[in-house]
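Asker:
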Amino acid sequence: MNKEEIKKREKELIALTGAICAQKLNDEYSQLCERLIKKLGRKREVPFQRGKIEIWAAAVVYAIGSINFLFDKSFEPYMSAEQISEYFGTSNSTVSNKARQIKDMFDMWHFNPEFSTQRMTESNPFNNMVMVDGFIVPLDSIPEDLQELVRKERAEGGDRKRLLDVSQRMDKIINSN
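In case it helps, the working numbering puts the sequence shown at residues 12 to 188.
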């Protein structure tokens with residue numbers, strides 16, 4: 012497949028996932044699915060250039076849904092894995108296997124900052140934790156000025172290097188006391 016054909020297939024995938032999200036889920040799921048499809052499309056070996064497009068669409072929704080508790084009835088929106096497969100006319104086992112490949116490819120897990128819904132991001136139990144000297148401690152157990160520094164870095168999308176610098180500064184302050 013050439014680049015134009017891949018882009019065309021990418022657009023088809025986005026349309027398919029967008030349709031199920033509009034009918035059964037919400038706009039946030041649609042945006043997350045589109046983000047994942049575009050990321051798949053940037054791989055050197057574009058995975059969705061082979062295989063049935065419906066399976067890929069179902070697998071994308073399944074992968075996003077599984078890390079955001081879509082299959083848990085206590086969450087809104089709710090949709091079962093079987094309903095996703097049924098919507099696309101695909102086999103649930105094939106879809107779950109393809110979704111597993113996608114999740115492994117991008118190291119997708121619960122509370123993943125790139126593919127989590129706003130609700131999941133806000134309820135992340137690690138939001139109030141920080142690592143000091145290799146130990147995970149509650150954020151409110153460190154000095155207030157360092158708490159603010161951590162919050163500021165996180166609000167700015169603090170990458171690991173900057174957060175490591177913050178952690179090293181915390182270590183120096185804590186160890187000097």
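Ideal Cβ placement from N, Cα and C applies to all residues, glycine included.
Just the Cα atoms here: how many angstroms apart are Ile147 and Met140?
Answerer: Walking along the sequence shown from the start, residue 147 turns up at place 136. Walking along the sequence shown from the start, residue 140 turns up at place 129. Looking at the two C-alpha atoms, the distance is approximately 6 Å.
Asker: For Thr234, is the classification buried or exposed, using 16 other Cβ atoms within 10 angstroms of its Cβ as the cut-off for buried?
Answerer: Here the chain comprises residues numbered 12 to 188, so residue 234 is not present and cannot be evaluated.
Asker: Within 10 Å of its beta-carbon, does Ser41 have 16 or more other beta-carbons around it, so buried, or fewer, so exposed?
Answerer: Translated into positions along the sequence shown, residue 41 becomes position 30. Classification for Ser41: buried.
Asker: Would the stretch 52-69 and the stretch 99-119 be scored as touching if the rule is three or more Cβ pairs under 8 Å?
Answerer: Yes: the two stretches touch, three or more of their Cβ pairs being nearer than 8 Å.
Asker: Using three-state DSSP, classify Ile147 as helix, strand or coil.
Answerer: In the sequence shown, counting from the first residue as 1, residue 147 sits at position 136. Three-state DSSP puts Ile147 in a strand.
Asker: Flag Glu164 as yes if its beta-carbon sits less than 8 Å from any beta-carbon of chain D, otherwise no.
Answerer: The chain labelled as chain D is not found in the depicted structure, where only one protein chain is given.
Asker: Compute the distance between the beta-carbons of Met90 and Lys14, then report whether it is under 8 Å.
Answerer: Counted from its first residue, the sequence shown places residue 90 at position 79. Counted from its first residue, the sequence shown places residue 14 at position 3. Taking 8 Å as the Cβ cut-off, Met90 and Lys14 do not qualify as a contacting pair.
Asker: Specify, as a first and last residue, the run of the alpha helix (DSSP H) that Ser104 falls within.
Answerer: Against the sequence shown, residue 104 aligns to sequence position 93. Asn103 to Met116 is the span of the alpha helix (DSSP H), which, as asked, contains Ser104.
Asker: Mind checking who Val141 pairs with in its DSSP beta bridge?
Answerer: The residue given as residue 141 occupies position 130 in the sequence shown. Per DSSP, Val148.
Asker: Nearest CA to the CA of Met142: which residue from Thr132, Val161, Glu125 and Arg130?
Answerer: As a working mapping, residue 142 is identified with position 131 in the sequence shown. Comparing Cα-Cα distances from Met142 to each of Thr132, Val161, Glu125 and Arg130, the minimum goes to Val161.
Asker: For Glu21, count the other beta carbons within 10 Å of its own beta carbon; 16 or more makes it buried, fewer makes it exposed. Which is it?
Answerer: Taking the first residue of the sequence shown as 1, we reach residue 21 at position 10. The residue in question, Glu21, is buried, as its Cβ has 16 or more Cβ neighbours within 10 Å.
Asker: When we look at the beta-carbon of Phe137 and count the other beta-carbons within 10 Å, is it buried (16 or more) or exposed?
Answerer: The residue labelled residue 137 in the question sits at position 126 within the sequence shown. That one is exposed.
Asker: Per the contact definition of three or more C-beta pairs closer than 8 Å, is the stretch 80-100 in contact with the stretch 147-156?
Answerer: In short, these stretches do not touch, since the Cβ pair count stays below three.
Asker: Is it the case that the Cβ atoms of Ile75 and Glu45 are separated by a distance below 8 Å?
Answerer: Here the question's residue 75 lines up with position 64 in the sequence shown. Here the question's residue 45 lines up with position 34 in the sequence shown. For Ile75 and Glu45, no; Cβs fall outside 8 Å.
Asker: So, Ile31 versus Val72, is the Cβ gap smaller than 8 Å?
Answerer: Working through the sequence shown from its first residue, we reach residue 31 at position 20. Working through the sequence shown from its first residue, we reach residue 72 at position 61. Closer than 8 Å, so yes.
Asker: Mind checking Asn79: buried by the 16 CB within 10 Å criterion, or exposed?
Answerer: For this step, residue 79 is matched to residue 68 along the sequence shown. By the neighbour-count rule (16 or more Cβ atoms within 10 Å), Asn79 is buried.
Asker: On the CB-based measure, 16 or more other CB atoms within 10 Å of its CB, does Ser96 come out buried or exposed?
Answerer: Here residue 96 is taken as the residue at index 85 of the sequence shown, counted from 1. Ser96 comes out buried.
Asker: Determine whether the beta carbon atoms of Ile17 and Gly52 lie at a separation below 8 Å.
Answerer: Position 6 of the sequence shown, counted from the start, is the residue given in the question as residue 17. Position 41 of the sequence shown, counted from the start, is the residue given in the question as residue 52. A contact, by the Cβ cut-off of 8 Å.
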